[in-house]
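Note that full-length UniProt numbering gives residue 37 to position 37 of the sequence shown, counting from 1, and the numbers run on in steps of one.
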Amino acid sequence: MTIAVCPGSYDPVTSGHMDVIERCACFFETVHVVVAVNAAKTPMFSEQERVAMIRRALDEDGYPNITVASTDGLITDYCRKVGASVIVKGLRQNGDYEAELGMALVNRKLSGVETLFLPADPVREHISSTIVKDVARHGGDITGMVPNSVVDTLMGTLHRDTPHTEKSQ
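Here's what the structure looks like:
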């Protein structure tokens, strides 16, 4: 049985992430989508919120061979724990390849786990979690950029975190 791991920060999960995850589920018997907790980053959503958002998005499409989890350790340690032989990463543009290649080589050295790069769907290659949050913060329409179940969660978080000021007359 071939087990793959799709790690990422998923803050929040985007339609581009979902495309890579769903394509990965067609190639491998079991896929672990892993929210990688990076202490150097300050995410908008908690680890538990990100896991829940991915699960809700996957429930919309029904993928029984996908498990959603999180880790604050090395992805290679997670791979060893679940018996994964491959890490799958989506690549949007040239900058992604350069950033991911070094990590792929380190992961292979640490554990022998190979990394498979899936090119992004050209329709979604411009979408990133950072862009989605920026568009949403400024009142733009993020429909189609994130799964439907994420739109309300993101907008609710932005409204909760935005201080309300009264306009003076």
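The beta-carbon is built from N, C-alpha and C at its ideal position, and this holds for glycine as well.
Task: Among P43, P147 and T115, the one whose alpha carbon lies nearest that of E100 - done: As a working note, residue 100 is residue 100 in the sequence shown. It is T115.
TODO: Using three-state DSSP, classify F45 as helix, strand or coil.
DONE: Translated into the one-based positions of the sequence shown, residue 45 becomes position 45. Three-state result, F45: coil.
TODO: Give the straight-line distance between the Cα atoms of S149 and R55, rounded to the nearest whole angstrom.
DONE: Translated into the one-based positions of the sequence shown, residue 149 becomes position 149. Translated into the one-based positions of the sequence shown, residue 55 becomes position 55. Roughly 10 Å separates the two Cα atoms.
- [ ] For the alpha helix (DSSP H) holding V106, just list the boundary residues, first then last.
- [x] What you label residue 106 is simply residue 106 of the sequence shown in a count that begins at 1. Run containing V106: N94 to S111, per the alpha helix (DSSP H) assignment.
Task: Nonlocal neighbours in the same chain, by C-beta distance under 7 Å from R80, ignoring five residues either side - done: Position 80 of the sequence shown, counting from 1, holds the residue named residue 80. Hits under 7 Å: S111.
Task: Check whether L91 and F117 have beta carbons under 8 Å apart - done: Locating residue 91 in the sequence shown gives position 91, counting from the first residue. Locating residue 117 in the sequence shown gives position 117, counting from the first residue. Yes, Cβ-Cβ distance for L91 and F117 is below 8 Å.
TODO: Evaluate the contact criterion for the segment 124-137 versus the segment 21-36: three or more CB pairs, one atom per stretch, below 8 Å.
DONE: no
- [ ] For P64, write down the residues that DSSP places opposite it in a beta bridge.
- [x] What you label residue 64 is simply residue 64 of the sequence shown in a count that begins at 1. P64 is not bridged to any residue.
Open item on the list: Along the chain, where does the beta strand (DSSP E) containing T30 start, and where does it finish?
Closed with: To locate residue 30, count along the sequence shown from 1; it is residue 30. Per DSSP, T30 belongs to the beta strand (DSSP E) from T30 to A36.
TODO: Tell me whether K167 sits in a helix, a strand or coil according to DSSP, three-state version.
DONE: Along the sequence shown, one-based indexing puts residue 167 at 167. Because K167 carries a pLDDT of 42, less than 50, the predicted location of this residue cannot be relied on, and the following value inherits that uncertainty. Assignment of K167 by DSSP, reduced to helix, strand and coil, places it in the coil class.
Open item on the list: Considering just the uninterrupted stretch of the alpha helix (DSSP H) at G16, what are its terminal residues?
Closed with: Translated into positions along the sequence shown, residue 16 becomes position 16. Start and end: S15 to F27.
TODO: Verify whether the separation of the beta carbon atoms of R50 and V34 is less than 8 Å.
DONE: As a working note, residue 50 is residue 50 in the sequence shown. As a working note, residue 34 is residue 34 in the sequence shown. No. Outside cutoff.
Task: Outcome for H164 when other beta-carbon atoms lying within 10 angstroms are tallied against a minimum of 16 - done: As a position in the sequence shown, residue 164 is number 164, starting the count at 1. With a pLDDT of only 46 at H164, under 50, the local geometry of the prediction cannot be trusted, and the value read off the model is given with reservation. Burial call: exposed.
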